[in-house]
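Reading through the structure tokens given below for one structure.
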Amino acid sequence: MSKRIQQLLLLAIVPGYIVMGVCLLYWFLLGTNVLQVHSVSINILVGLVFLLSAVSSLSGTFVKHYYIRSVQENLDNLDALNTKLRRQRHEYLNEMQVVYGLLELGEGEEALAFLRPIYEETAKTSRALKTAHPAVNALLMNKMNKAEEKHIAFYTEISSNLSTASMDAWSLCKVLGNLIDNALTAAAQDPKGEVHLEIREDARECEICIYNNGAFIAEKDKEKVFEDGFTGKTSEGHGFGLGIVRNLVRQAGGEIEMDSLQGKTTFTVHIPKTA
145 MSKRIQQLLL
155 LAIVPGYIVM
165 GVCLLYWFLL
175 GTNVLQVHSV
185 SINILVGLVF
195 LLSAVSSLSG
205 TFVKHYYIRS
215 VQENLDNLDA
225 LNTKLRRQRH
235 EYLNEMQVVY
245 GLLELGEGEE
255 ALAFLRPIYE
265 ETAKTSRALK
275 TAHPAVNALL
285 MNKMNKAEEK
295 HIAFYTEISS
305 NLSTASMDAW
315 SLCKVLGNLI
325 DNALTAAAQD
335 PKGEVHLEIR
345 EDARECEICI
355 YNNGAFIAEK
365 DKEKVFEDGF
375 TGKTSEGHGF
385 GLGIVRNLVR
395 QAGGEIEMDS
405 LQGKTTFTVH
415 IPKTA
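All residue numbers for the sequence shown refer to our numbering, where the first residue is 145 and numbers rise by one.
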């Protein structure tokens, strides 16, 4: 579905940029006196066509870059989680046969040693399957795997399933995805990097709290981190995540707070509950 939408967006984006190029060429030729057009109405018409093409192309590019890519990533996460659960179910049946055989032979210690890694893997998956949104569960599973690949300890404490949060699943994924990615990047700077995620709720709101033990953010930069383009990272493409997060949270009627001390930087998201 998302690929079809991307194709439709390209049909709007590419012609728009072509029309913009033609308009710019027209003005260039007009400015160099290659073309002699004295009709004001034609020049105004070309200007309007350029403006409409620019709005169409830039809007389509923004949607394609930020929205479609995010949706595709979430769909990929869901597909990966679905595949993992199917594989676990298949492996579970085979593994239980092995355990049964070991117990039948009286090899209790061998059966326990065989079950230990299976339990740890299953427990890790279970930690992610605690919200009411499959897309959010899939995202958390994906981020846990990334943390494991980077040798970063990822701790979760989920006591709310987010079913009453006044934010849809895709927006929740954007908020969680950006905050967790930033936390993993910061934690990677510490040899014993840790990221903690807490999702809880009270009578009024749902709360998402993410903190890490990476480098702290200076007081003068605490508000700047939410500005588009601000980043402490050297790689291209960073600096827009927290601005998007704050906009999404505020659109849902919530707020985001940041607190940073030496050895602990915390982002807390407050999302009001639906009526």
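Beta carbons: idealized from backbone N, C-alpha and C, even for Gly.
Remember, it's a predicted structure, so these values are computed and weren't measured experimentally.
Member of the options whose CA lies at the smallest distance from the CA of residue i
i	options	result
His340	Asp346, Ile352, Ala347, Arg348	Ile352
Cys317	Asn286, Gly337, Glu301	Asn286
Ile324	Lys274, Val369, Glu345, Tyr355	Tyr355
Val413	Ile400, Ile296, Leu196	Ile400
Gly337	Arg348, Ala257, Glu293, Ile343	Glu293
Glu217	Ala327, Ser315, Gly397, Ala330	Ser315
Ile296	Ser304, Leu169, Leu328	Leu328
Glu239	Thr227, Arg260, Asn226, Leu219	Arg260
Asp346	Leu392, Gln241, Thr418	Thr418
Lys364	Phe172, Ala331, Asn326, Asp403	Asp403
Met311	Pro335, Thr227, Leu392, Ser183	Leu392
Ile188	Asn226, Trp171, Leu179, Asn177	Trp171
Length of the line joining the Cα atoms of residue i and residue j
i	j	result
Ala313	Glu251	47 Å
Thr275	Met164	46 Å
Glu253	Val243	11 Å
Gly407	Glu367	19 Å
Gly385	Ser185	43 Å
Asn281	Gly397	23 Å
Ser197	Glu301	48 Å
Val158	Thr205	10 Å
Thr308	Arg230	29 Å
Leu405	Leu219	36 Å
Val178	Leu195	23 Å
Asn357	His277	28 Å
Ala291	Val199	39 Å
Thr176	Ser183	17 Å
Ala330	Phe298	13 Å
Residue i vs residue j beta-carbon contact at 8 Å
i	j	result
Ile388	Asn322	yes
Val190	Cys167	yes
Ala359	Gln395	no
Leu273	Leu320	no
Arg344	Pro416	no
Ala121	Leu192	The structure shown has nothing for residue 121, since the chain only spans 145 to 419.
Leu249	Phe258	no
Ser304	Cys350	yes
Residue-chain proximity (residue i, chain D), Cβ-Cβ < 8 Å
i	result
Val184	No chain D appears in this structure, which consists of one protein chain only.
Nearest-angstrom Cβ-Cβ length linking residue i and residue j, presumed shorter than 8 Å
i	j	result
Ser201	Tyr161	5 Å
Thr409	Ile361	6 Å
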